[in-house]
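So for the sequence shown, the numbering used here puts the first residue at 142; every next one is plus one.
Backbone N, C-alpha and C define an ideal beta-carbon position, used for all residues, glycine too.
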Amino acid sequence: MLALLRTFSWQDLRHHPWRSAAAVVAVMLGVALAFAVHVINASALDEFSQAVRTVNGQPDLELRAMQGSLPEALYEQLATHPQVARASPVLELSAAARTVQPQPRSSAETNAETSANTAAARTPLRLLGVDALLLPTMAPALMPRPWPGADRLALFAPSTVFLNPAALQALGLAATGAEPAPQLVLRAGLQELRVRVAGTVAAGGAPLAVMDIGAAQDLFGRGGQLSRIDIQLVPGTDRSAWEQALRALPGWPAQVVFAQPGDAAQRISNLSRAYRVNLTVLALVALFTGAFLVFSVLALSVAQRGPQFALLAVLGATPRQRLALVLAESAVLGVIGSAAGIALGTALAAVALQLLGGDLGGGYFAGVQPALQWSAPAALVYGALGVVAALVGGWWPARAAQALPPAQTLKGLGAAPAQSGGGRVGMVLIAIGSLLTSAPPIFGIPLAAYVAIGLLLVGGIALLPWGMAWLLHRLQPLAARHALPLLALERARRMRGSAAIAVGGVVASLSLAVALTVMVSSFRGSVTQWLDAVLPSPLYVRSALNAPGSDAALLPAGFAEAVAQLPALERTEPLRASPLQLDATRPALMVISRPLGPEPERNLPLVGDALPVPAGRTGVYVSEAVVDLYGLRPGMEWPALSKAFRPLALDHQAPVAIFFVAGVWRDYARQSGAVVMDRSVWLRLTGDARTSDLALWPRAGTDGQALQQAIRAVAADYANKAAGGPGAAASGAGASSDNASTTLVEFVSSGTIRERSLRIFDRSFAVTYWLQAVAIGIGLFGVAASFSAQILARRKEFGLLAHLGLTRRQILAVVAGEGAAWTGVGALAGVLLGLAVSVVLVHVVNPQSFHWSMDLDIPAWRLAALCGAVVIAGTTTAWLAGRAAAGRDAVMAVKEDW
């Protein structure tokens, strides 16, 4: 076999290097894309996990509140527990930071500094208040390291922070410090607080600042509040038993969540798993189409070398040896393509990690700058996939070489027409695929749905010979009076087995293109309708900080009411979004409070009808993700949510609210789930009147610029009031004169939000259009290669037609007619298969992966144009492939039979 590869196969490669190179490139691109996506995701997830471990340390348990903060008294109870070795209190805060000059020399410099710093970009910063005395044993990566010349006790000083490398880089500060010490302005809400930087911490990950917990409580006015308590137990303590004993204590808060150290990394892994798998499957589409390109190249090669294979058979090569030879050629193409693909994928991943970080568009790893994590087992797996794809693509050409009749081939008569069965195998595959669509996801991944899509495609392609015979037989009467169309249809019908193989690539690629087109169109249409429903007002105002969901971006209590008093506004509607951690192993829910009114269905994009709320119950409306993740249905009560809103001081008493699921709404923004309640309920349960966004309805004829200036003035007033609060007094500076700047709040219209959202959507799905073009191009290349292979085998048939009086133009018309018939049937089959696959994508894959539904939208004109382009391209391809054969001397074409 090796001798044949070195002589027989190598000679063909030398004469047709570009053809083999095309197959190698197809496998290389498929492996490279899939492996690059894997490396980027694995690197980002590993970096995120390491960052979580360094920041959180390695306690045995973490205690958090489901929402809000823990009382400091709980720390005292835990620290004195006999089974607790160490208890470390932590206050987690978020802010936006910018650097300032510590001591301007004049009023003019002060104004210049204010103007420059106002315009400076702010860095989102996670701030941890910790007990430095406990850090060496609990979380050594967070231990402050004062700069040379700094006070040794700076780690306990008020308004003093220590930054990690990511924060230093983002803020443009030197890692070795400077004299005088650099200062930062931290903005939380509309309040600005000044701190000085005294050193560094070793923790990696996103920008982070560490300071003394007492100083942090004073600075931000959070006295007596904790975000979490890290626990290290006495060796030998049973963690589960200790946790159960705590829960059984009288007065123990029921809303305290016990979390394992790795729960945070596991949450982000679970949340991003479906996204990562879907992205990998999408990347493997290129490998799937690459298999068809390998098939096309080898089919053409086998057809051209038909006499040589026949001669090998005469010389003693068995059919099994000819089969093995072609499979070995396909394996060589696969190995070379896979090796190049692994190298290219590694390079692509390195470049993407350097330029884009670890986020590929899903937003799960935004801000993470991971190092490349190369895995040899993963490289072997993806390399093996490339080889398998090449072997699958080479199977049918290998079978053709095996079944090649030596004597007939040496005479130049080609192979006998392939016969097709009744399509039973295809029917069975489609039936099994249809059944699998009703299977539930496995570990949150729609594996059964992916298998169903594969079975539908393979089953549909297996039905092609039967479908071609049925359809072409129905078309035959229409061409009965026209010789050339009849000849083309009859030839296509009788060679339907070869035709099915030829157009199989077109059917597969076109069906994927149709499915992706329908899915993207359905998703975009549903997102557009959803944006119309959730953006009712023409104008919105929010904090200028880009930190959604964090306390730093909340507008202060009373701000919404003050804005509502402006005479230029007809009405306003405040909205508050707050995270809620019901389960330590799941991502946090988002609790949204907004005025719902007596008809919530007018303010929410409900799926189905809203139920009437029974007396004594509090109605809430959950997103589709909550239904899937928490097993809720409309009409059910939700005790876990009631527990989360039970005040800590009233534990083990009757819940303050019994929540009733009154409806389900569609939400495309929060994959982990969201709960909507009326704002009055939120205020009654929490007393927290801060807002995240404020919807504005200006009166008719209102000057928009004047309205914005008036709202900015209100924001400046609240910022100036905050400057006299406890945090500002502690900082010694508070919010300076730049509080009145226009950067406190930002305004955005509903049209701008809609346009920005759809632009992001289109950019996210741009890769699908590229994959569609590549897939269809490979399919058409397969048609060209198959036609070329058959024309080489039919050269004497064309010579006979020429002897019978057909002109070159007529022979080309017959070939083009065959191409039109084949690609026409292939286009019809591709559309039908694509629509079936799109139904699975829209109604099974997306709900199981991301927990949201969408309405099926079929862009008929776009699909018709796509099919028309494929038929025209296929006909032209067949015509071009037939020109060489039609141009041969007819006498020379049949001379070998004389």
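7 Å Cβ cutoff met for residue i and residue j
| i | j | result |
| --- | --- | --- |
| P775 | G804 | yes |
| S890 | S235 | no |
| A454 | P547 | yes |
| A703 | P715 | no |
| M660 | S979 | yes |
| A907 | L489 | no |
| L266 | A238 | yes |
| M735 | F801 | Sequence check: residue 735 is Arg here, not Met. Result no, Cβ atoms of R735 and F801 do not sit closer than 7 Å. |
| G475 | G431 | no |
| A173 | L485 | yes |
| I370 | A531 | no |
| L730 | A781 | no |
| F399 | L202 | yes |
| L598 | A649 | yes |
| S833 | R717 | yes |
| G567 | F436 | no |
Where residue i falls: helix, strand or coil (DSSP)
| i | result |
| --- | --- |
| A469 | helix |
| A725 | coil |
| I583 | strand |
| V972 | helix |
| V797 | coil |
| Y809 | coil |
| V1011 | helix |
| F906 | coil |
| P753 | coil |
| A685 | coil |
| G567 | helix |
| Q135 | Missing from the structure shown is residue 135; the chain here goes from 142 to 1039 and no further. |
| D153 | helix |
| I372 | strand |
| P158 | helix |
| V748 | coil |
| S247 | Summary for S247: the model assigns pLDDT 46, below 50, so the residue's position carries little reliability; its value from the coordinates is reported in the next sentence. It is coil, neither helix nor strand. |
| A557 | Note on A557: pLDDT 46, under 50, position unreliable in the model; no value is reported. |
| R461 | helix |
| Q495 | helix |
| A260 | Note on A260: pLDDT 39, under 50, position unreliable in the model; the coordinate value appears next. In the structure shown, A260 sits in a helix (DSSP, three-state: H, G or I). |
Classification of residue i by the beta-carbon crowding that lies within 10 angstroms, buried from 16 upward
| i | result |
| --- | --- |
| Q495 | exposed |
| P391 | exposed |
| I141 | Absent from the model: residue 141. The displayed extent of the chain is 142 to 1039, so no value can be given. |
| Q358 | buried |
| E333 | buried |
| W1020 | buried |
| L945 | exposed |
| S247 | Interpretation of S247 is limited by its pLDDT of 46, a score under 50 that renders its predicted location unreliable; no figure is taken from the coordinates. |
| G457 | exposed |
| F584 | exposed |
| L848 | buried |
| E740 | exposed |
| D844 | exposed |
Extent of the continuous alpha helix (DSSP H) run through residue i
| i | result |
| --- | --- |
| Q401 | Where Q401 is concerned, there is no enclosing alpha helix (DSSP H), given that its DSSP letter is neither H nor E. |
| S821 | R820 to T827 |
| G535 | A517 to Q543 |
| R388 | R380 to R388 |
| I999 | Taken as a continuous stretch (DSSP letters only), I999 belongs to no alpha helix (DSSP H), as it is neither H nor E. |
| V704 | F700 to A705 |
Residue span of the beta strand (DSSP E) that contains residue i, given as start and end
| i | result |
| --- | --- |
| M138 | Since the first residue shown for the chain is 142 and the last is 1039, residue 138 is missing from the structure and cannot be characterised. |
| F303 | T301 to L304 |
| R335 | Q332 to T341 |
| V231 | V225 to V241 |
| F361 | Premise fails: F361 lies in the alpha helix (DSSP H), I354 to F361, not in any beta strand (DSSP E). |
Hey, is the segment 1010-1023 in contact with the segment 596-609, meaning 3+ C-beta pairs nearer than 8 Å? Contact fails between the segment 1010-1023 and the segment 596-609, because fewer than three Cβ pairs, one in each stretch, are under 8 Å apart.
With a cut-off of 8 Å, do at least 3 Cβ pairs link the segment 269-286 to the segment 351-368? Cβ pair count under 8 Å is three or more, so yes.
Cβ pair count under 8 Å reaching 3, the segment 823-841 against the segment 736-751: The segment 823-841, when compared against the segment 736-751, does not touch it at the 8 Å Cβ threshold.
Could you tell me whether the segment 984-1000 touches the segment 660-673, using the rule of 3 or more Cβ pairs below 8 Å? The segment 984-1000 vs the segment 660-673: in contact.
Is it the case that the segment 210-226 contacts the segment 291-298, given that we only count it when at least three CB pairs across the two stretches are under 8 Å? Under the 8 Å Cβ criterion, the segment 291-298 does not count as touching the segment 210-226, having fewer than three qualifying pairs.
Contact the segment 327-343 vs the segment 300-307: 3+ CB pairs below 8 Å: Here the segment 327-343 makes contact with the segment 300-307; the two share three or more CB pairs at distances below 8 Å.
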